[in-house]
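This report concerns only the one structure given below.
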Amino acid sequence: MIKTKKQGLLIVLSGPSGSGKNTVCDEVKKNNPNIWESVSMTSRKPRQGEEDGKVYYFVSEEEFEKNIKEDKMLEYAKFAGNYYGTPRASVQEHLDNGEDVLLVIEIQGALQIKKKIPHTLFIFLLPPSMRELKRRLTDRRTESKEKVIERFETAYKEINELSKYNYVIVNDEVKEAADKLAAIIKAERCRVDRIEEVFLDSPEEKIHETLIDKDLENKTVDVNIL
Numbered sequence: 010m011i012k013t014k015k016q017g018l019l020i021v022l023s024g025p026s027g028s029g030k031n032t033v034c035d036e037v038k039k040n041n042p043n044i045w046e047s048v049s050m051t052s053r054k055p056r057q058g059e060e061d062g063k064v065y066y067f068v069s070e071e072e073f074e075k076n077i078k079e080d081k082m083l084e085y086a087k088f089a090g091n092y093y094g095t096p097r098a099s100v101q102e103h104l105d106n107g108e109d110v111l112l113v114i115e116i117q118g119a120l121q122i123k124k125k126i127p128h129t130l131f132i133f134l135l136p137p138s139m140r141e142l143k144r145r146l147t148d149r150r151t152e153s154k155e156k157v158i159e160r161f162e163t164a165y166k167e168i169n170e171l172s173k174y175n176y177v178i179v180n181d182e183v184k185e186a187a188d189k190l191a192a193i194i195k196a197e198r199c200r201v202d203r204i205e206e207v208f209l210d211s212p213e214e215k216i217h218e219t220l221i222d223k224d225l226e227n228k229t230v231d232v233n234i235l
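In terms of the numbering used here, the sequence shown opens at residue 10 and continues consecutively.
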């Protein structure tokens, strides 16, 4: 039996504010312990009750910019004067350990990753309708009317980027959306190009190729010239 070291799958989940990205992500992780959600880094100050390393790594603006210059960020963006991004090292560590890594990030960051790691699995989460999205944003009651309108307008722009993703899931019911996300991840692990890459790069396969090459070198081949 050939044993291969399984490389984890990098998964990007995006969607407009109010689509339910974090809720669906939490639901998926309940029944899929092999999925690790990446912890983002930010230069903003922690809010009351926020713990460093749980949802965000909190660093100074100077330290964040130093990480950018040293190519330590897989993706990053600046919103409202603060940097947000994904540290490269922790993601790579979990992938190398065979864990699937889930990034819940904005479209701007997703497009950066697509350029760097094109084999990433890109999934876009949609609300059932724009009317429902507007209701969800309004029912939060945490932002002004102007801010809700701004988020709603941004959602239209983000949805226009759908073609850059591999799959779309409509989040009408959280459990159903989470089941679809888990099914997509499971199917992606079985794709021929992913399995072939792991199989052919395995130590056993490389040894096999070496033995064949040596065997051919030791054989005399008779050639008849007509």
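Backbone N, C-alpha and C fix where the C-beta goes; we use that ideal spot for every residue, glycine too.
Residue environment, residue i, which counts as buried when at least 16 other CB atoms sit within 10 Å
i: Y165; result: exposed
i: P136; result: buried
i: A187; result: buried
i: E162; result: exposed
i: I114; result: buried
i: V230; result: The pLDDT assigned to V230 is 46, lower than 50, so where the model puts this residue is not dependable, and the model offers no usable value.
i: I194; result: buried
i: E167; result: buried
i: I116; result: buried
For residue i, the three-state DSSP class (helix, strand or coil)
i: G94; result: strand
i: I11; result: Interpretation of I11 is limited by its pLDDT of 41, a score under 50 that renders its predicted location unreliable; the figure taken from the coordinates is listed afterwards. I11 falls in the coil class under three-state DSSP.
i: K54; result: coil
i: L190; result: helix
i: K87; result: strand
i: E309; result: There is no way to answer for residue 309, as the model of the chain reaches only from 10 to 235.
i: E46; result: strand
i: I114; result: coil
i: S99; result: helix
i: D80; result: coil
Sequence-distant residues of the same chain with beta carbon closer than 8 Å to residue i, five excluded per side
i: P55; result: D61, Y65 and F67
i: D80; result: R97
i: N9; result: With the chain represented from 10 up to 235, any question about residue 9 goes unanswered, as that position is not in the structure.
Beta-carbon proximity list for residue i, same chain, < 7 Å, skipping 5 on both sides
i: I122; result: V21, L83, E84 and T129
i: L190; result: V33, V37, I132 and I178
i: N175; result: L130, F131 and I132
i: N91; result: T51, S52 and R53
i: L18; result: D109, L130, I194, E197 and R198
Chain-order list of residues whose beta-carbon lies under 6 Å from that of residue i (same chain, five-residue window excluded)
i: R145; result: G27
Please confirm if the segment 60 to 76 is in contact with the segment 162 to 177, defined as three or more CB-CB distances below 8 Å between the two stretches.
no
In chain order, which continuous runs of the beta strand (DSSP E) of length 3 or greater are located wholly inside the segment 121 to 186?
130 to 135 and 176 to 179
I want to know whether the segment 137 to 157 touches the segment 101 to 112 - three or more CB-CB distances under 8 Å.
no
Quick check: the segment 24 to 38 against the segment 180 to 189, are at least 3 beta-carbon pairs closer than 8 Å?
yes
Quick check: the segment 82 to 101 against the segment 40 to 52, are there 3 or more CB pairs under 8 Å?
yes
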